[in-house]
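Residue numbers (the numbering used here), protein chains in the order written: chain Y, 2 to 429; chain C, 2 to 429. For glycine and all other residues, C-beta sits at the position ideal for the given N, C-alpha and C.
2 protein chains.
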Amino acid sequence: MPLSDLVERVRSGRATICVLGLGRIGLPLGVVLANSGFSVVGVDIDRGRVAKVSEGRAPFKEEGLEAALRKALGSGRFEATADSRGGVARADVVMVTVGTPLAPQLLADYSQLHAALEEVLSEGISMKAIGLRSTLFPGTVDNIVIPYLEGRSGLKAGEDFALAMIPERILEGKAIEELYSLPEIVGGVNDVSNAIFAELFRRINPRKAILHTSPRGAELAKLFTNIYRYVNFALANEFAIWAEMYGEDAHEIIEIANYEYPRGRIPRPGLAGGPCLGKDGLLLDNNTTFSSIVSIAWKLNEAVPQYIVESIRRRVGRLYGRRVAVLGLAFKAGSDDTRLSPSVKLVEILKGHGAEVLVHDPYLADTMALDEVLRDPEIVVVSVNHPGFDRLAERIDESGCGLVYDVWGIFDPADFKRASYMRFGRGK
Amino acid sequence: MPLSDLVERVRSGRATICVLGLGRIGLPLGVVLANSGFSVVGVDIDRGRVAKVSEGRAPFKEEGLEAALRKALGSGRFEATADSRGGVARADVVMVTVGTPLAPQLLADYSQLHAALEEVLSEGISMKAIGLRSTLFPGTVDNIVIPYLEGRSGLKAGEDFALAMIPERILEGKAIEELYSLPEIVGGVNDVSNAIFAELFRRINPRKAILHTSPRGAELAKLFTNIYRYVNFALANEFAIWAEMYGEDAHEIIEIANYEYPRGRIPRPGLAGGPCLGKDGLLLDNNTTFSSIVSIAWKLNEAVPQYIVESIRRRVGRLYGRRVAVLGLAFKAGSDDTRLSPSVKLVEILKGHGAEVLVHDPYLADTMALDEVLRDPEIVVVSVNHPGFDRLAERIDESGCGLVYDVWGIFDPADFKRASYMRFGRGK
Numbered sequence: 002m003p004l005s006d007l008v009e010r011v012r013s014g015r016a017t018i019c020v021l022g023l024g025r026i027g028l029p030l031g032v033v034l035a036n037s038g039f040s041v042v043g044v045d046i047d048r049g050r051v052a053k054v055s056e057g058r059a060p061f062k063e064e065g066l067e068a069a070l071r072k073a074l075g076s077g078r079f080e081a082t083a084d085s086r087g088g089v090a091r092a093d094v095v096m097v098t099v100g101t102p103l104a105p106q107l108l109a110d111y112s113q114l115h116a117a118l119e120e121v122l123s124e125g126i127s128m129k130a131i132g133l134r135s136t137l138f139p140g141t142v143d144n145i146v147i148p149y150l151e152g153r154s155g156l157k158a159g160e161d162f163a164l165a166m167i168p169e170r171i172l173e174g175k176a177i178e179e180l181y182s183l184p185e186i187v188g189g190v191n192d193v194s195n196a197i198f199a200e201l202f203r204r205i206n207p208r209k210a211i212l213h214t215s216p217r218g219a220e221l222a223k224l225f226t227n228i229y230r231y232v233n234f235a236l237a238n239e240f241a242i243w244a245e246m247y248g249e250d251a252h253e254i255i256e257i258a259n260y261e262y263p264r265g266r267i268p269r270p271g272l273a274g275g276p277c278l279g280k281d282g283l284l285l286d287n288n289t290t291f292s293s294i295v296s297i298a299w300k301l302n303e304a305v306p307q308y309i310v311e312s313i314r315r316r317v318g319r320l321y322g323r324r325v326a327v328l329g330l331a332f333k334a335g336s337d338d339t340r341l342s343p344s345v346k347l348v349e350i351l352k353g354h355g356a357e358v359l360v361h362d363p364y365l366a367d368t369m370a371l372d373e374v375l376r377d378p379e380i381v382v383v384s385v386n387h388p389g390f391d392r393l394a395e396r397i398d399e400s401g402c403g404l405v406y407d408v409w410g411i412f413d414p415a416d417f418k419r420a421s422y423m424r425f426g427r428g429k
Numbered sequence: 002m003p004l005s006d007l008v009e010r011v012r013s014g015r016a017t018i019c020v021l022g023l024g025r026i027g028l029p030l031g032v033v034l035a036n037s038g039f040s041v042v043g044v045d046i047d048r049g050r051v052a053k054v055s056e057g058r059a060p061f062k063e064e065g066l067e068a069a070l071r072k073a074l075g076s077g078r079f080e081a082t083a084d085s086r087g088g089v090a091r092a093d094v095v096m097v098t099v100g101t102p103l104a105p106q107l108l109a110d111y112s113q114l115h116a117a118l119e120e121v122l123s124e125g126i127s128m129k130a131i132g133l134r135s136t137l138f139p140g141t142v143d144n145i146v147i148p149y150l151e152g153r154s155g156l157k158a159g160e161d162f163a164l165a166m167i168p169e170r171i172l173e174g175k176a177i178e179e180l181y182s183l184p185e186i187v188g189g190v191n192d193v194s195n196a197i198f199a200e201l202f203r204r205i206n207p208r209k210a211i212l213h214t215s216p217r218g219a220e221l222a223k224l225f226t227n228i229y230r231y232v233n234f235a236l237a238n239e240f241a242i243w244a245e246m247y248g249e250d251a252h253e254i255i256e257i258a259n260y261e262y263p264r265g266r267i268p269r270p271g272l273a274g275g276p277c278l279g280k281d282g283l284l285l286d287n288n289t290t291f292s293s294i295v296s297i298a299w300k301l302n303e304a305v306p307q308y309i310v311e312s313i314r315r316r317v318g319r320l321y322g323r324r325v326a327v328l329g330l331a332f333k334a335g336s337d338d339t340r341l342s343p344s345v346k347l348v349e350i351l352k353g354h355g356a357e358v359l360v361h362d363p364y365l366a367d368t369m370a371l372d373e374v375l376r377d378p379e380i381v382v383v384s385v386n387h388p389g390f391d392r393l394a395e396r397i398d399e400s401g402c403g404l405v406y407d408v409w410g411i412f413d414p415a416d417f418k419r420a421s422y423m424r425f426g427r428g429k
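1) What are the partner residues of Thr-98 of chain C, as DSSP defines its beta bridges?
2) Would Ala-52 of chain C be called buried (16 or more neighbouring beta carbons within 10 Å of its own) or exposed?
3) By a C-beta neighbour count over all protein chains shown, 10 Å radius and 16 as the cutoff for buried, is Ser-85 of chain C buried or exposed?
4) Since Arg-266 of chain Y meets chain C, which of its residues come closer than 7 Å, beta carbon to beta carbon?
5) In whole angstroms, what separates the C-alpha of Ser-154 of chain C from that of Ser-123 of chain C?
6) DSSP three-state label for Leu-212 of chain C, please.
7) Can you tell me the Cα-Cα spacing of Gly-38 of chain C and Pro-276 of chain C, whole angstroms?
8) Quick check: Ile-131 of chain Y and Ala-163 of chain Y, are their CB atoms within less than 8 Å of each other?
9) Classify Ser-194 of chain C as helix, strand or coil using the three-state DSSP reduction.
10) Are the C-beta of Arg-134 of chain Y and some C-beta of chain B separated by less than 8 Å?
11) I want to verify the contact list: residues of chain C whose CB lies under 7 Å from the CB of Pro-60 of chain Y, in sequence order.
12) Determine the extent of the alpha helix (DSSP H) in which Ile-267 of chain C is found, giving its start and end residues.
13) Is the CB of Ile-397 of chain C under 8 Å away from at least one CB in chain Y?
14) Return the chain-ordered ranges of every alpha helix (DSSP H) run that is complete within the segment 354-414 of chain Y and spans a minimum of 4 residues.
15) Express the C-alpha separation of Ile-242 of chain Y and Gln-307 of chain Y in angstroms, rounding to a whole number.
16) Please confirm whether Ala-235 of chain C has its beta-carbon closer than 8 Å to some beta-carbon of chain Y.
17) If you follow the alpha helix (DSSP H) that Gly-75 of chain C is in, where does it begin and where does it stop?
18) Within 10 Å of its beta-carbon, does Tyr-168 of chain C have 16 or more other beta-carbons around it, so buried, or fewer, so exposed?
19) What number of angstroms, rounded off, separates the C-alpha of Ser-182 of chain C from the C-alpha of Leu-201 of chain C?
20) Considering Cα atoms alone, identify which of Y:Tyr-364, Y:Gly-140 and Y:Arg-319 is closest to Leu-330 of chain Y.
21) Do Ser-293 of chain Y and Glu-80 of chain C have their C-beta atoms closer together than 8 Å?
22) Could you give the first and the last residue of the continuous alpha helix (DSSP H) run that contains Leu-150 of chain Y?
23) Is Ile-197 of chain Y close to chain C? Criterion is C-beta to C-beta, closer than 8 Å.
24) In chain C, which residues lie with their C-beta within 8 Å of the C-beta of Ile-254 of chain Y?
25) Indicate the three-state DSSP secondary structure (helix, strand or coil) for Met-128 of chain Y in the structure shown.
26) If the cut is a Cβ gap below 9 Å, which residues of chain C does Val-348 of chain Y touch?
27) I want to see whether chain C comes within less than 8 Å of Pro-388 of chain Y, judged by CB atoms only; does it?
28) For Ser-336 of chain C, name the three-state secondary structure that DSSP assigns.
29) Cutting at 7 Å between CB atoms, please list the residues of its own chain near Arg-396 of chain Y, excluding the five before and the five after it.
30) I'd like the span of the beta strand (DSSP E) that includes Arg-324 of chain C, first residue to last.
31) Using a beta-carbon distance cut-off of less than 9 Å, what residues from the segment 26-50 of chain C approach chain Y?
32) Roughly how many whole angstroms lie between the Cα atoms of Phe-138 of chain Y and Leu-285 of chain Y?
33) Please list, in chain order, the chain C residues whose beta carbon lies closer than 7 Å to that of Ser-112 of chain Y.
34) Along the chain, where does the alpha helix (DSSP H) containing Ile-254 of chain C start, and where does it finish?
35) Among residues of its own chain, excluding the 5 on either side of Ser-312 of chain Y, which ones have a beta-carbon nearer than 7 Å to its beta-carbon?
36) Which class does Arg-134 of chain Y belong to by DSSP, given the choice of helix, strand or coil?
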């Protein structure tokens, strides 16, 4: 069967898909593909995770994921396994969704990618299609993946196997909804590779926009997308620091500046980081020898936790021995993901000062209960704008704490009758 | 008459307004205020400009301005004069619209502002309202304007005279339209000052959103608005440089990244500068001792003309003695404003290399005709995306030039049969 036959096989939904990695990218993708009519094998090395998924339980918070997973399992079209060779052997299409973290010294860590490519190669790749869903440093497909796959297999990309970069661009927490709605950027090594993945994603939603480019174009498009957001968050944080310097409130000024203004989309200041935005820019910066806006933005966002702790220290004096309640540990609102979370950094800095830090995050089972952390704290830092946190003002005020620090500006200063109130970006 | 009476006088349209400065901010404002029912005296020190305006001719390009000016003159409610004392003497409200350029060494140049305040003071300010429409360094109203006005007059701001910062946020070229539609940020020194200027702008359009803040909040809101745009232009230019580095086309990638993507508003790369965006960030940076995103963005945008000349030089070799046609000199499309224009800088750099530079700009009468600059050029640089320039591909190709450099990506590379084609942000 030539590769062109695979186009038809995918179009008709008869293809079998193997998704490598059942993380925050792979699991929602596998489940949605199964619910779109494909037979899907999801592979993960973590046997505990495989068992959990097989029982219909989501291993992380993602709206609608558990229901979609149960539907997929019930249809008999989705299966989770730790047996990568078995999964790959049956597949017409293999989707690689492994992480591409950043190692120290701005080194892109390709160990997970290499391991995944080994798995892909284990049962032969002739007449298969390989889709890369990870965030990749520009040139990775051309300079690393193609030489690797061709070198090990003796086959030719685009002729003997199809290959494309189709970067994930969902918002964590909205993965299921956005897999149906977002356009897909398909960077195939040739036309047949483009066609296979276009058909694959059109099965999810026939009206999904499919945008074709080169693998390198797709790598850059993903990075540009995330960097654009990350730099704008950093800019908002710079505005916050300026507003404080001039005795004003950045939250109020940004709201006024944006209000009904056609060129106003300045984001709100706050903690910016996490597993994607926090490192994607540096993945691009990797090969850049000048000080880019991205590197300055990274420096600025990474400095915010330290800036906040310093602001508190200047207000209350030494932090040694102080009881500090921190509300929120995830990298963003509504998430249980703590990878590269600025709130984790904030907690570590407070601990470094010798503070007794009590952490509550309603999305993280291994943190303390709210009642417990609010039992006689001296300082309360609300570091994540989790849903419902904005209704805690009275409870925090009644905890008897001397100071509340509101990172996201979710409270009205007037809500605090006893505690003194500080807000990031507010210099009055 | 207490200041509170002035609120009613303005609300009913019976107030007389003096606009100091008949430039790109002051003239449209004066004309629109006159057409909204006020008696308006526009003052400028440039007698030639006053004469021109009095004859109903706009001294610069601004869509709809000339028609609006003629209507205002015809109604008898608008008058232009060089007699500032006479204008100020009659006024209930004085609008200061003078420029606040940046002097060398990041020094905010307040000479025009000081001169304008002298004029405002010349006939007494008791029971008048003074509105500042210029872009001001944060703290200017509090630290410079109020002490100056109170010190010279012996009067008290907010009690004996009203004072507010109401920053202009129009897009040059759309000033008339946007004066009717944009929200106004009113940063008054007290409630009565806020009320007077809210009523003034509501006469232009009763549905105009009026956003109240402090003078300093208004100063910052204006700077945040412009810096947000300028930094995003710089980011697009950084993406352009990266795309070139990786052999891709930033224009294509940005289009793909934005397409139907809810978090995608990346601007297009190109020359970014001009009298507002090019210096407003530095006005804020003035008082900042760290390397801000703004200063990096400024450095990057300011480097683009040199980067383009270097790209051309690497392609064609030495530029000494080469005939280079440059199409476009204004700082942006559709404008005749060349202040701090990156295209002017581009021309100067080319001249510095010893090139023979021929400039055409259809918006600038003192540049050469298109036919003239396209008579046997060796290199054509299209530096501004003026309306209609995108239809010049064939004509440029037939000029016999060896190279066309398309700064804004307005041409299809396939349009050039003879000339070789380069585009900023395209590394292939």
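This is what the structure gives:
1) Per DSSP, none; premise fails for Thr-98 of chain C.
2) exposed
3) buried
4) Arg-266
5) 10 Å
6) strand
7) 31 Å
8) yes
9) helix
10) You won't find chain B in this structure, because its protein chains are Y and C.
11) By Cβ distance, chain C contributes nothing, its closest Cβ being about 26 Å from Pro-60 of chain Y, past 7 Å.
12) Note, Ile-267 of chain C: premise wrong, no alpha helix (DSSP H); not H, not E.
13) no
14) 371-374 and 394-398
15) 13 Å
16) yes
17) 66-75
18) Residue identity check: residue 168 of chain C is Pro in the sequence provided, not Tyr. Pro-168 of chain C comes out buried.
19) 14 Å
20) Y:Tyr-364
21) no
22) 147-154
23) no
24) Thr-214, Gly-218, Leu-221, Ala-222 and Phe-225
25) coil
26) The premise fails here: Val-348 of chain Y is roughly 25 Å from chain C at the closest Cβ pair, so nothing lies under 9 Å.
27) no
28) coil
29) Leu-375
30) 324-328
31) none
32) 6 Å
33) Here the premise fails: no neighbours, minimum Cβ distance about 23 Å.
34) 251-259
35) Met-423
36) coil
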